[in-house]
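Residue numbers (my numbering): 24 to 363. C-beta: ideal position from N, C-alpha, C; glycine also. Computed from a predicted model, the values in this text were never measured in an experiment. Before any comments, here is the structure.
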Amino acid sequence: MRVMDMIPEIGSEPLDRILKGCEASNILRTSLDLDIFDLLEEPKTAEQVSSETGTVAAFTEKFLNALCTIDLLSKRDGNYTNTQLASTFLVRKSPFYQGNMIRLSGNNSLNWLKLGSVMKGDVQKEKNKRFEDVFDPSFILAMAEGSMRGSLHRTTKEVSTLPEFKRARTLLDLGGGHGLYAIAFAEMNPELDATVFDLPPVTEVTREFIKRYDMNERVNVAGGDFALDDIGHGYDIVFASDVFYRKPDVLFSILKKIHDALNDGGSIMLKHWILNDDRTAPPTSVLFDLMLSLRGDWHHIYTEDEYTELLRDAGFSNVRLLDISSQTSPSALIIGNKDE
24 MRVMDMIPEI GSEPLDRILK GCEASNILRT SLDLDIFDLL EEPKTAEQVS SETGTVAAFT
84 EKFLNALCTI DLLSKRDGNY TNTQLASTFL VRKSPFYQGN MIRLSGNNSL NWLKLGSVMK
144 GDVQKEKNKR FEDVFDPSFI LAMAEGSMRG SLHRTTKEVS TLPEFKRART LLDLGGGHGL
204 YAIAFAEMNP ELDATVFDLP PVTEVTREFI KRYDMNERVN VAGGDFALDD IGHGYDIVFA
264 SDVFYRKPDV LFSILKKIHD ALNDGGSIML KHWILNDDRT APPTSVLFDL MLSLRGDWHH
324 IYTEDEYTEL LRDAGFSNVR LLDISSQTSP SALIIGNKDE
């Protein structure tokens with residue numbers, strides 16, 4: 024056998040892209056820590072950036088050049104400045120800032136370091152407290168930033184076309200965190216009164232968002248644990264976004280509670296990521312499903328059929344799923360009605 028005759032049938036480029044993705048994400052997170060993009064809304068040289076950030080000049084130039092290769096900076100005549108992508112999503116004053124979301128992704132990457140030991144059976148015991156990081160305001164800010172990428176707009180646009188929404192007068196945003204969904208729903212339906220229900224420490228952040236959008240008269244806040252506490256009654260719609268990745272028995276009891284809290288003829292509307300029947304796609308959902316298990320939560324991403332069965336078992340009728348997915352957000356809107 025000759026060396027020159029040994030040629031693989033396929034190229035290794037997909038593996039290279041996976042590995043290079045890790046490098047780029049580390050560069051991005053370091054840039055945020057150094058406030059690079061806030062500095063470069065105006066053109067500056069590497070020496071100026073080095074002076075303002077306290078970094079080594081020689082490393083700084085190479086670092087900025089690397090940011091150019093991933094299309095976050097542009098370089099002209101020795102001056103660096105943000106690209107439109109960076110100005111839109113990586114500058115703190117932008118309404119579409121994603122810094123907290125990116126940092127959260129970096130924190131989650133620590134969980135992936137446990138993958139080998141977890142595969143060998145070293146699994147954390149399930150926590151009595153579910154998502155402990157929801158008590159961190161930066162987590163809620165990250166969720167708000169993620170919603171502003173487009174998922175909030177796709178969701179509210181789809182919901183606004185539904186007859187159930189047009190006739191609704193009361194809406195509960197369950198586990199609503201930042202409250203942006205409730206705020207948007209109230210903006211789209213002038214007859215709607217909305218309530219955001221979440222853990223008491225979280226609702227302090229919720230109130231800040233409500234005040235920011237001048238919706239104090241239309242959007243209320245209630246504190247509690249929706250898995251354990253009373254969520255109230257008399258709602259035309261109960262909406263929840265990306266908070267029901269829980270074990271089936273836990274989720275079923277919550278769905279029953281929602282059914283009881285709805286008015287006759289009311290609707291449950293869930294915006295959540297889903298899996299295909301083989302649980303092998305979409306990639307974002309599959310990786311998130313695995314990551315949840317690495318945390319020791321043993322939470323679940325569900326398939327369309329599983330969501331349908333869960334809602335029907337909880338007493339909902341006319342269950343259907345609407346596709347509101349994008350390339351990076353494999354979401355569906357799952358809807359069910361309470362019979363009149």
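- Where glycine 257 is concerned, there is no enclosing beta strand (DSSP E), because DSSP gives it neither an H nor an E.
- Between the region 267-282 and the region 204-223, the count of Cβ pairs shorter than 8 Å is below three; the stretches do not touch.
- Nearest in C-alpha terms to serine 276, of all of Lys294, Asp252, His295 and Lys137, is Asp252.
- Comparing alpha carbon positions, the residue from Ala245, Tyr236 and Leu315 closest to proline 118 is Tyr236.
- If you ignore the 5 residues before and after alanine 250, its C-beta comes within less than 7 Å of the C-beta of Val273 and Ile277, all in its own chain and listed in chain order.
- Along the length of the region 202-269, whole alpha helix (DSSP H) runs at least 4 residues long occupy 203-211 and 223-235, reported in chain order.
- Within the DSSP secondary-structure output, alanine 355 pairs in a beta bridge with His295 and Asp346.
- Taken in chain order, the complete alpha helix (DSSP H) segments of 4 or more residues contained in the region 157-203 are 160-169, 175-183 and 186-189.
- Taken through DSSP and simplified to helix, strand or coil, threonine 53 comes out as helix.
- With respect to histidine 201, isoleucine 254 sits apart: the two C-beta atoms are not nearer than 7 Å.
- Put simply, of Ala304, Asp362, Trp296 and Thr331 the residue whose alpha carbon is nearest the alpha carbon of serine 352 is Trp296.
- If you check the CB distance, isoleucine 50 and alanine 109 do not come in under 7 Å.
- Looking only at Ala245, Glu231, Ser161 and Glu168, the smallest Cα-Cα distance to aspartate 196 is reached by Ala245.
- Among the bridge pairs identified by DSSP, asparagine 105 is matched with Leu96.
- Around the beta-carbon of glutamate 36, fewer than 16 other beta-carbon atoms lie within 10 Å, marking it exposed.
- Here glutamate 214 has Arg192 as same chain residues with Cβ atoms under 7 Å from its own Cβ, once five neighbours each way along the sequence are excluded.
- The DSSP assignment places 122-135 and 138-142 as complete runs of the alpha helix (DSSP H) inside the region 112-153, in order along the chain (cut-off: 4 residues).
- Taking C-beta atoms under 8 Å as the contact rule, valine 309 and arginine 318 fail to qualify, at a distance of about 16 Å.
- Put simply, the region 217-228 does not touch the region 176-184. Fewer than three CB pairs are less than 8 Å apart.
- In terms of CA proximity to arginine 269, Asp312 leads the group Arg40, Val114 and Asp312.
- Remark: C-beta atoms of tyrosine 204 and serine 264 approach each other more closely than 7 Å.
- Secondary structure at lysine 361: coil, using DSSP grouped into helix, strand and coil.
- If you compare the alpha carbons of Ile33, Phe267 and Asn105 with that of leucine 315, the shortest gap goes to Phe267.
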